[in-house]
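Read in order, the letters of the sequence shown are residues 61 to 333 in our numbering.
Positions of the beta carbon are idealized from the N, C-alpha and C atoms, including for glycine.
This report refers to the structure that appears directly beneath it.
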Amino acid sequence: MSGTIRIGTQGWNYAAWVGPFYPQGTRPASFLSTYARAFTTVEVDSTFYAIPPSRNVRGWADRTPDGFVFALKMPQEVTHERQLRDADGVADEFLDRARELGPKLGPVLLQMGPDFAPEGFGRLERFVERLPRDIRFAVEVRQQRWMRDDILARLLDLLRANGAALALSDGKWIARETMTELAAAPTADFHYVRWMGPNRDIVDYSHLQFDREEEIRGWSEVLGRTALHGTTVFGYFNNHFAGHSPANARRMQELLGARPVDPSTLGEQISLF
Numbered sequence: 061m062s063g064t065i066r067i068g069t070q071g072w073n074y075a076a077w078v079g080p081f082y083p084q085g086t087r088p089a090s091f092l093s094t095y096a097r098a099f100t101t102v103e104v105d106s107t108f109y110a111i112p113p114s115r116n117v118r119g120w121a122d123r124t125p126d127g128f129v130f131a132l133k134m135p136q137e138v139t140h141e142r143q144l145r146d147a148d149g150v151a152d153e154f155l156d157r158a159r160e161l162g163p164k165l166g167p168v169l170l171q172m173g174p175d176f177a178p179e180g181f182g183r184l185e186r187f188v189e190r191l192p193r194d195i196r197f198a199v200e201v202r203q204q205r206w207m208r209d210d211i212l213a214r215l216l217d218l219l220r221a222n223g224a225a226l227a228l229s230d231g232k233w234i235a236r237e238t239m240t241e242l243a244a245a246p247t248a249d250f251h252y253v254r255w256m257g258p259n260r261d262i263v264d265y266s267h268l269q270f271d272r273e274e275e276i277r278g279w280s281e282v283l284g285r286t287a288l289h290g291t292t293v294f295g296y297f298n299n300h301f302a303g304h305s306p307a308n309a310r311r312m313q314e315l316l317g318a319r320p321v322d323p324s325t326l327g328e329q330i331s332l333f
């Protein structure tokens with residue numbers, strides 16, 4: 061039984077996308093509803109900085125069609141500032157707010173900071189074990205020591221026992237061969253993939269500036285095989301991956317057998333409503 065593959069981007073609120081992706085004249089208030097005509101999911105970065113007000117969360121749901129899914133990042137107060145210490149109250153408040161998305165709530169990402177080391181495994185274990193089971197969770201670790209065979213085995217056992225996914229990323233802390241192996245052995249019924257890119261100095265998000273075709277093709281083959289075994293995939297491109305994440309996301313959709321939405325038609329779709 062094949063799993064669903066949802067491909068999108070990390071965020072939608074980029075003025076530089078007006079023209080190359082959003083139709084000319086698209087206002088920020090219409091970015092999300094326009095985005096949702098091209099993609100079925102998005103990763104929300106703003107929740108990393110603060111728990112959003114209810115009106116914002118409900119507004120996201122109202123501006124997107126049925127079947128659209130939001131992946132939310134756990135607030136940095138939990139993952140970076142407290143590093144999972146005495147963070148249950150903040151996490152619970154955030155998850156209650158996230159549930160206001162209803163069926164549009166996708167995975168919640170626990171993106172741990174680069175200074176969160178394997179010595180904190182006990183804190184991670186306690187935190188993951190108390191997470192509610194009505195929400196999907198993915199855990200991202202950003203230190204290379206987590207990839208040591210003995211430590212990685214413990215981490216995977218923890219995630220597998222609690223139905224959580226290990227977020228796969230193209231970061232320098234994970235070798236590409238390791239990522240491929242991990243993609244073939246999911247710890248949950250879904251994968252969470254993030255394409256970040258090495259070029260953090262990119263500031264113009266209006267067009268592709270690097271050719272990442274080989275990497276996208278490689279990932280499409282890996283994810284296609286994974287989905288054939290019934291694993292759902294959530295995958296998100298960052299603008300820093302190659303300069304303009306909507307183009308990368310459409311290319312991935314194409315390689316996975318979907319028919320990407322041509323940006324030139326988004327204006328026509330707007331005129332229908």
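As computed with DSSP, Leu170 is found in a beta bridge with Val199.
Close CB contacts of Arg123 within its chain, under the 8 Å cut and outside five residues either way in sequence, are with Leu92, Ser93 and Ala96 (chain order). Contact between the segment 99-111 and the segment 70-79 is present: three or more C-beta pairs spanning the two stretches fall below 8 Å.
For Leu218, the closest alpha carbon among the candidates Trp120, Arg285 and Arg183 is that of Arg183. Contact between the segment 151-171 and the segment 204-221 is absent: fewer than three C-beta pairs spanning the two stretches fall below 8 Å. At the C-beta level, Val138 and Leu144 come within 8 Å of one another. Going by beta carbons, His300 and Pro80 fall outside the 8 Å limit. Taking C-alpha positions only, Ala287 is separated from His140 by approximately 32 Å.
When the beta-carbon positions are compared, Val117 and Glu153 stay at least 8 Å from each other. Cβ-Cβ separation between Gly63 and Gly278: approximately 19 Å, too far for a contact (criterion under 8 Å).
Around Ala235, the same chain offers Met207 as residues with beta carbons nearer than 8 Å, after the five sequence neighbours per side are excluded.
Counted as a single uninterrupted DSSP element, the beta strand (DSSP E) harbouring Ile67 occupies residues Ile65 to Gln70.
Under DSSP, Val78 forms a beta bridge with Tyr82. When DSSP states are grouped into helix, strand and coil, Ser266 belongs to the coil group.
The Cβ-Cβ distance between Pro323 and Gln313 does not fall below 8 Å.
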